[in-house]
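K.L.:
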Amino acid sequence: MHNSITNHQTFYNLTPTAMELVDFIDDGEDARHFRFRLITPQSINTPKPGQFFMLSVPGAGEAPFTFTAKPNNQGVFRALIRKMGDVTTALFQCQSGAILGIRGPFGKGWPIASLSDKKIIMVAGGCGLAPLTGLIDQLIAERHHKHLALVYGARNRALQMLNPERLRWQREISLFDVLEDTGETVTSSKNHVLEGTPLDAMDSVLRTLDWTPDMLLLCGPEVMMKAVAKNFLQRGLPAQSIWLSIERRMHCAVGLCGHCYLSEHHLAHHYVCKDGPTYRWDYLQPPEKTE
Amino acid sequence: MKIQSFYLNHPNTLRDHLAKSYRIEPPQAAPGQNTPPLVSPKGQLFAEHENLFTFDGECFRETLPNPEPFALFGVQSCDLTAISYQDQFFANDPYYQARRQQALLIGIDCLSPCQHGFCPSVNAGPGVKHETADLILHQLSTTSWLLLACNQKGLGALEGLSLNPANQPELNDRDDRIASCIEQFSDDSHLKQGITAINQNQVPEDLWQQLGLQCLSCSGCTSLCPTCSCYGTWEQQESNGDIRRQRFWDSCLYESFQREASQHNPTEKAGERVKRFWTHKFGDNFAKEFGRYGCVGCGRCEVTCPGVIGVHSVMKRISSDAQLDN
Amino acid sequence: MATKVTTTICPFCGVGCGMNLLTEKNRLISVEPQIDHPISRGQLCAKGWSSAYGIDPKDRITHPLIRTPQGFRQTSWNKALETVAARLKQIMEETGPQAIGIISSARATNEDNYAAQKLARAVLKTNNIDHCARICHSPTVAGLNQTLGSGAMTNSAEDIFETDLVLVFGADPTENHSILGGHIIRAHLEGTQLIVVDPRRTRLAKLADTHLQLKPGSNIALLNAIIKIILDNRWQDKKFLDQRCEGLAQLTASVANALEGVEKTTGISLPKIEAVAKAYSQSKRAMILYGMGVTQYVSGTNNVIALSNLALTCGQLGRKGTGINPLRGQNNVQGACDMGCLPNVYPGYQKVDNPEVRAKFSQHWKTEVPEHPGLTSMGMTKATLAGEFRGLILFGENPVVTDPDQNLVKRALGKLDLLVVAELTMTDTARMADIILPAASFAEKTGTFTNCERRVQHVQQALPPLGEARTDWQWLAAIAQQLESDQLDWPDSEAVFREITELTPIYSAMNYAKMDQLHGLQWPCSPETPEGTAILHKDTFPIGKARLIPVHPIPIDENIDSKYPLLLTTNRLHFHYGCGSMTRKSPLLEREIPTGLLFINPADANELGVTHQSAVGVGSRRGYIETRAMLTDDLPPGLVCMPYHFHEAPSNQLTNTAQDPLTKMPELKACAVFVQPLEPGSFPRPIDEISGLSVEGVK
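Taken in sequence, the protein lines are chains A, B and C.
Residue 247 in our numbering sits at position 247 of the first sequence, with consecutive numbering throughout.
In short: position in the second sequence from 1, add 291, done, that's our numbering.
In short: position in the third sequence from 1, add 617, done, that's our numbering.
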């Protein structure tokens, strides 16, 4: 009954693998799009869109981030990171060539299989666009879906992220920029620019589209995601067609440390690192009351 | 393996024998019968501070603990049940397992209820369950004990000790004594009602908030709870310049437990954190996964909570509140 | 490696909880509560549970350090002691002993404190000895000494469970004395009436039967009104007043007009005041617990006297479940006072200005002792700035963070010719020292702490001192030796304690063995009361009859005006202690720091355009700091609040230095400030970055 510690194959690895900071570009206020390189190219499994990894900055700690592009043959991948706490502050002080750590990929990604033939609307807020980036690229490449629109909310123009990516996507999908503060007159981009929050803008977005979404993917602040989800439920979209990606504090990413619990209702027993970060709306709702 | 049973004149005989091959924990004290110690043996397996790895500037190296064989001597059934719960929870945790595989578990039957204990209500005692220990001690009289070997590991540890096999009447006595101990436990209707109310979502948010107001976030309950397992991590520089990551016991009752770098905090209200704690201990969904509730009925939280929201206090509040409603 | 268990006492607040230290290979690995401890009964607060982090070898000072132009350099004990002694001698010769002083520590043991005052009085020949009670409870000592003849808590912690009514006045025990706060919660749940008087809606205020949310600085107005109502209704304890008190006539006369305008002054309706007056006076047993919301005012001493008047009027003293009970802040602030680390008293509160007392100590120590009372810590600061004070030995205190008007303190410390600081870690004060001595932590020494209920408890050594660290009384003794004195040559801490008992009547029948056996001994513990005293003033007061002393409302020193339109008060958080030098080493407690450190009512915030957790600037006539705002209904509009633990945003940059005239207690609980929002999205700057900016420059 006691497995020898050495030949137990399923142990969690709480020790990172080394990787190198290749370079970065500034992308939005206090945010950078980083390129990292695995020191040993195949040292992690290939991530699916929506999965995340744990980034270690030695001396500062570890925190979860999403892949915006999965590792290529040389082990180079990308991630968009906003300066927020201790780990990211330390990361922003790192130079090219710095040795960092990675564990992952972790969690369940977006439900790619169920996106075939779907008319998809994605709603992202702030850095919530990052977990959708790999998915958008994959959808555009594979073209199994019918339609794709992205509604991207940000406080103002300076805080918008992934500008090159959005420029690239605008030829392929319907893009709506929603800004709480639109500032000066809008430039002549192909993007639709709307004022307010994504929820405020939704009527106008849906009027503009010549199709009705049958799949909603959400990523951003929880308040925004929940408000938009409820709005679409009212519009008649079934709960099974709404997915959201949830953020939590994490220290292990394997369901041990306990920090990322989700207590959406009295019976909920979820760790976002294992059961998420993507959830179908109905999974988060309490079961019918039994009395 | 079939359980094998022997007579033993005194636990010290066993203790002295085991001391030849094992570090004995706790080191001094004869096994306390009928009252578990204030601090459970949790930290022997899930260390309060555990080094995870070191980083030398280029490589990350896992630092697994390598303890000598040790014997947890005279552990009550509640704590053994907790260990078996944690064995499941930490099944894939290499640090826990590195310690666990060196541990020999010697249980002791409780023969009278302790002050705050309610192990029978949560199927965790007072008699030691055979699958939770390697060896079990049971007092027959001041000069005579039963010693049960539950598995090969336990039997192997007895090698070199000359023991006489026990007879069936004494084994039956053991069962009788445990049964009679169970009858002496006080009324647990508040616990049963509380558990139902929690699982049927009948506890009003207001009550959780009132209980939350009494939570001082001291971390006492989570430190003493033998099944609590949350941890945080931090990194420190060693004298040679290497970076060491360590994990340490954390508590879900701290306001900052879930606070993110962005300052977003899904459980900002104390009531939500208190609710989470009790749902974790008594939620049916957890029971489904682990085959039992997270609570083993030791009652330590009742002792250590300065805010009077230990298990009995909380369950009494919940059940009286539910009765008022009905 | 087996675990070693050492029983000791928690090093944080004045409650004095029992704690076991678990060590392995001379390293503290864990702490656990003691289930059989009479006060804590198996409980600890967040600080207690985290105390292993506080003395972690990381960041500890392990060797003597000497200041050089290039920064601190490690040196030997011999060299450090020689330097200290040489400079002390020089100052004594040039300016005299009045230019030298010691600030001892309410966190150190009784033995350490006794040694400190003896070094001052018997070796340096000065009464310039003080400690931080100045900034918590000096008005208690001064006030209760006048009215009752003793400045300590009159009753015991266990009385909370044997009373009908608990009146918590200007104290936040669940945060600052958490285990006692928990006792109050438990007693209240079991039926004890709970009344809380506080400008803030504290945790206990939310749980209480009645919360009197008075305006800051209106304590005396409220108390006099309560007394007036009691007298008008004949609710007083006539027998107690007749037999045991004097001054009723004057008190009655002094409160004649106390109800006029009291609703406006206090912000509390008369019926509510009446209800409290009735409840307190008519309860069979009612107990007052109070804190720094009483003492940290220019009216501090008078506030204490007013509370004492109330308790005496109702005869709520001298019995189980009654009394007037100050909640002492630090683990051994009671002991530091008991040991005479005050400029005007010897150990056991024997007065310096009493020739008989001086003769007693002089004979016992076989040396001359100085005649005149010495300087308080604030007095030393002022004397330094005036060029009259030159050398200071300080240990276990961080006045640069904890004293009011830090800028003044910093200037004074910078001006000293000699500053010796003994510390565990590099604090802001230690950074200013000429010599830093490595001090042993509570886990590394043997001695005694006296908790707030006068219980002297034994602290046992669990670890060897780290590096070259020494117990305070030992390095104090080494300084004495360098000055050619054998006054402090004790073989061990028990010998120090024996000398204490020989000279301190209230400790005279104590010893370590009895203390261990009985979980501590409450003073007075003399041959007449060999097992100690749980309740003071049972039959008589040390001054015979207790005194009712008329006091009148004194407005706060600095009121709001158009430039500084908000009133700032200070608080403490459960998770942190003092300047945070120990608690902030815990990753858990450090994480618990609220993101906003300025607590402000949403209405005020709204008016100022301040949002939750946004960066704000806070300025007073004395300083300016930046922090984040925390919007909360716990504060009434017009009042803002800051904890003082954090050196990044030290509230003491702002607080007023106006003092209680008698005790020099600064008015930390009220000063006028402005609050302004900073650029959205910007980060508050730590004080080091701001300094250099003038206050005018930012407004």
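Backbone N, C-alpha and C define an ideal beta-carbon position, used for all residues, glycine too.
Just so you know, these numbers come straight off a predicted model, no measurement behind them.
Can you tell me whether residue 696 of chain C is buried or exposed, with buried defined as 16 or more other CB within 10 angstroms of its CB?
P.N.:
Translated into the one-based positions of the third sequence, residue 696 of chain C becomes position 79. Classification for residue 696 of chain C: exposed.
K.L.:
Report the rounded CA-to-CA distance for residue 188 of chain A versus residue 229 of chain A, giving the unit in angstroms.
P.N.:
Stepping through the first sequence from its first residue, residue 188 of chain A is reached at position 188. Stepping through the first sequence from its first residue, residue 229 of chain A is reached at position 229. Annotation note: pLDDT 47 at residue 188 of chain A (below 50); position unreliable, coordinate value reported separately. Cα to Cα, residue 188 of chain A sits roughly 31 angstroms from residue 229 of chain A.
K.L.:
Would you list the one or two residues that DSSP bridges to residue 41 of chain A?
P.N.:
Mapped onto the first sequence, residue 41 of chain A falls at position 41. In DSSP, residue 41 of chain A forms no bridge with anything.
K.L.:
Near residue 12 of chain A, what residues of its chain come up, given a Cβ to Cβ distance below 8 angstroms and the 5 sequence neighbours on each side ignored?
P.N.:
Working through the first sequence from its first residue, we reach residue 12 of chain A at position 12. Around residue 12 of chain A: 252, 254, 256.
K.L.:
Identify the continuous alpha helix (DSSP H) that holds residue 995 of chain C and give its terminal residues.
P.N.:
Taking the third sequence and counting its residues from 1, one reaches residue 995 of chain C at position 378. Here the alpha helix (DSSP H) through residue 995 of chain C covers 994-1002.
K.L.:
Taking Cβ-Cβ distances shorter than 9 angstroms, what residues in chain A pair up with residue 525 of chain B?
P.N.:
Numbered from 1 along the second sequence, position 234 holds the residue referred to as residue 525 of chain B. Under the 9 angstroms cutoff, chain A gives 61.
K.L.:
Whose CA, out of B:337, B:295, B:596, B:610, lies closest to the CA of residue 541 of chain B?
P.N.:
Residue numbering aside, residue 541 of chain B sits at position 250 when the second sequence is read from its first letter. For residue 541 of chain B, the nearest C-alpha among the options comes from B:337.
K.L.:
Go through its chain and collect everything with a Cβ distance to residue 1265 of chain C's Cβ below 7 angstroms, but skip five positions before and after it.
P.N.:
Translated into positions along the third sequence, residue 1265 of chain C becomes position 648. Correct list, in chain order: 1303, 1304.
K.L.:
Beta-carbon within less than 8 angstroms of residue 856 of chain C's beta-carbon, same chain only, minus the 5 sequence neighbours each way: which residues are those?
P.N.:
As a working mapping, residue 856 of chain C is identified with position 239 in the third sequence. So the qualifying residues of the chain are 932.
K.L.:
Under three-state DSSP, which class holds residue 513 of chain B?
P.N.:
Residue 513 of chain B sits at position 222 when you count from the first residue of the second sequence. In this structure, residue 513 of chain B counts as helix in the three-state DSSP scheme.
K.L.:
Name the DSSP bridge partner or partners of residue 20 of chain A?
P.N.:
Translated into the one-based positions of the first sequence, residue 20 of chain A becomes position 20. Answer by DSSP bridge pairing, in chain order: A:37, A:99.
K.L.:
Assuming residue 650 of chain C and residue 329 of chain B form a contact by the criterion Cβ under 8 angstroms, report the distance between their Cβ atoms to the nearest whole angstrom.
P.N.:
Here residue 650 of chain C corresponds to residue number 33 of the third sequence, with the count starting at 1. Here residue 329 of chain B corresponds to residue number 38 of the second sequence, with the count starting at 1. Right, the Cβ-Cβ distance comes to about 7 angstroms (below 8 angstroms), so this counts as a contact.
K.L.:
If you draw a straight line from the C-alpha of residue 1032 of chain C to the C-alpha of residue 705 of chain C, how long is it?
P.N.:
Mapped onto the third sequence, residue 1032 of chain C falls at position 415. Mapped onto the third sequence, residue 705 of chain C falls at position 88. The straight-line gap from Cα to Cα measures roughly 15 angstroms.
K.L.:
Which residues in the same chain have their Cβ closer than 8 angstroms to the Cβ of residue 1142 of chain C, if we skip the five residues on either side of it in sequence?
P.N.:
By one-based count along the third sequence, residue 1142 of chain C stands at place 525. Closer than 8 angstroms at the Cβ level, and outside the excluded window around residue 1142 of chain C, lie 1073, 1123, 1124, 1125, 1126, 1127, 1148, 1149, 1150.
K.L.:
Along the chain, where does the beta strand (DSSP E) containing residue 688 of chain C start, and where does it finish?
P.N.:
In the third sequence, counting from the first residue as 1, residue 688 of chain C sits at position 71. Element bounds for residue 688 of chain C: 688-691.
K.L.:
What does the alpha-carbon distance come out to for the pair residue 586 of chain B and residue 566 of chain B?
P.N.:
Locating residue 586 of chain B in the second sequence gives position 295, counting from the first residue. Locating residue 566 of chain B in the second sequence gives position 275, counting from the first residue. Straight-line Cα distance between these residues: approximately 14 angstroms.
K.L.:
Decide if residue 215 of chain A is buried, meaning its Cβ has at least 16 other Cβ atoms within 10 Å, or exposed.
P.N.:
As a working mapping, residue 215 of chain A is identified with position 215 in the first sequence. Buried is the call here.
K.L.:
Under the three-state reduction of DSSP, which class applies to residue 635 of chain C: helix, strand or coil?
P.N.:
Position 18 of the third sequence, counting from 1, holds the residue named residue 635 of chain C. The answer is strand: DSSP assigns residue 635 of chain C an E or B state.
K.L.:
Does the Cβ of residue 598 of chain C have 16 or more other Cβ atoms within 10 Å, making it buried, or fewer, making it exposed?
P.N.:
Nothing can be reported for residue 598 of chain C: it is not among the residues displayed for chain C, which extend from 618 to 1316.
K.L.:
Within 8 angstroms of any Cβ in chain B, is that where the Cβ of residue 630 of chain C sits?
P.N.:
On the third sequence, residue 630 of chain C is found 13 positions in, with the first residue counted as 1. Closer than 8 angstroms: no.
K.L.:
Leaving out five residues before and five after residue 652 of chain C in sequence, what residues of the same chain have Cβ atoms less than 8 angstroms from its Cβ?
P.N.:
Taking the first residue of the third sequence as 1, we reach residue 652 of chain C at position 35. The residues are 658, 659.
K.L.:
With residue 661 of chain C and residue 511 of chain B assumed to form a contact (beta carbons below 8 angstroms), what rounded beta-carbon distance in angstroms separates them?
P.N.:
On the third sequence, residue 661 of chain C is found 44 positions in, with the first residue counted as 1. On the second sequence, residue 511 of chain B is found 220 positions in, with the first residue counted as 1. Yes, they are in contact, since the Cβ atoms of residue 661 of chain C and residue 511 of chain B sit about 6 angstroms apart, within 8 angstroms.
K.L.:
Quick one: complete alpha helix (DSSP H) runs, 4+ long, within the segment 522-556 of chain B?
P.N.:
With a minimum length of 4 residues, no continuous alpha helix (DSSP H) run stays inside the segment 522-556 of chain B.
K.L.:
How about residue 613 of chain B and residue 484 of chain B: do their beta carbons lie closer than 8 angstroms?
P.N.:
Against the second sequence, residue 613 of chain B aligns to sequence position 322. Against the second sequence, residue 484 of chain B aligns to sequence position 193. Cβ distance < 8 angstroms, so residue 613 of chain B and residue 484 of chain B count as in contact.
K.L.:
DSSP state of residue 198 of chain A, grouped into three classes?
P.N.:
Along the first sequence, read from residue 1 onward, the residue named residue 198 of chain A stands at position 198. In the structure shown, residue 198 of chain A sits in a helix (DSSP, three-state: H, G or I).
K.L.:
Measuring CB to CB, does residue 868 of chain C end up less than 8 angstroms from residue 1167 of chain C?
P.N.:
As a first step, residue 868 of chain C must be located in the third sequence, where it is residue number 251. As a first step, residue 1167 of chain C must be located in the third sequence, where it is residue number 550. Their beta carbons are under 8 angstroms apart, which means residue 868 of chain C touches residue 1167 of chain C by this criterion.
K.L.:
In chain C, which residues lie with their C-beta within 8 angstroms of the C-beta of residue 508 of chain B?
P.N.:
Within the second sequence, numbered from 1, the residue matching residue 508 of chain B stands at position 217. By Cβ distance, chain C contributes 663, 1191, 1192, 1209.
K.L.:
Cβ of residue 990 of chain C within 8 angstroms of Cβ of residue 730 of chain C?
P.N.:
As a first step, residue 990 of chain C is located in the third sequence; it is residue number 373 there, counting from the start. As a first step, residue 730 of chain C is located in the third sequence; it is residue number 113 there, counting from the start. No, these two residues do not count as a Cβ contact at 8 angstroms.
K.L.:
Report yes or no: is there a C-beta of chain A within less than 8 angstroms of the C-beta of residue 618 of chain B?
P.N.:
The requested residue 618 of chain B is not part of the displayed model; chain B covers only 292 to 617.
K.L.:
At a CB distance below 7 angstroms, what residues from the segment 333-344 of chain B approach chain A? Give them in sequence order.
P.N.:
343, 344
K.L.:
Which one of A:270, A:112, A:152 has the shortest CA to CA distance from residue 243 of chain A?
P.N.:
Here residue 243 of chain A refers to the residue found at position 243 of the first sequence. Of the listed residues, the one whose Cα sits closest to residue 243 of chain A is A:112.
K.L.:
Can you tell me which of the three DSSP states residue 436 of chain B falls into?
P.N.:
Against the second sequence, residue 436 of chain B aligns to sequence position 145. Looking at residue 436 of chain B - three-state DSSP - the assignment turns out to be strand.
K.L.:
Starting from residue 1090 of chain C, find everything on chain B with Cβ-Cβ shorter than 8 angstroms and list it in chain order.
P.N.:
The residue you call residue 1090 of chain C lines up with position 473 of the third sequence. Chain B residues near residue 1090 of chain C: none, gap ~31 angstroms exceeds 8 angstroms.
K.L.:
Tell me which residue opens and which closes the beta strand (DSSP E) that residue 1236 of chain C is part of.
P.N.:
The residue labelled residue 1236 of chain C in the question sits at position 619 within the third sequence. Unbroken beta strand (DSSP E) run through residue 1236 of chain C: 1232-1236.
K.L.:
Can you give me the Cβ contacts of residue 315 of chain B inside the same chain, cut-off strictly under 8 angstroms, excluding the 5 residues immediately before and after it?
P.N.:
Counting from 1 along the second sequence, the entry for residue 315 of chain B is found at position 24. Result list for residue 315 of chain B: 306, 309, 361, 362, 364, in chain order.
K.L.:
Give me, in chain order, the residues of the same chain whose beta-carbon lies closer than 6 angstroms to that of residue 854 of chain C; leave out the 5 immediate sequence neighbours on both sides.
P.N.:
Here residue 854 of chain C refers to the residue found at position 237 when the third sequence is read from its first residue. Cβ within range, chain order: 931, 932.
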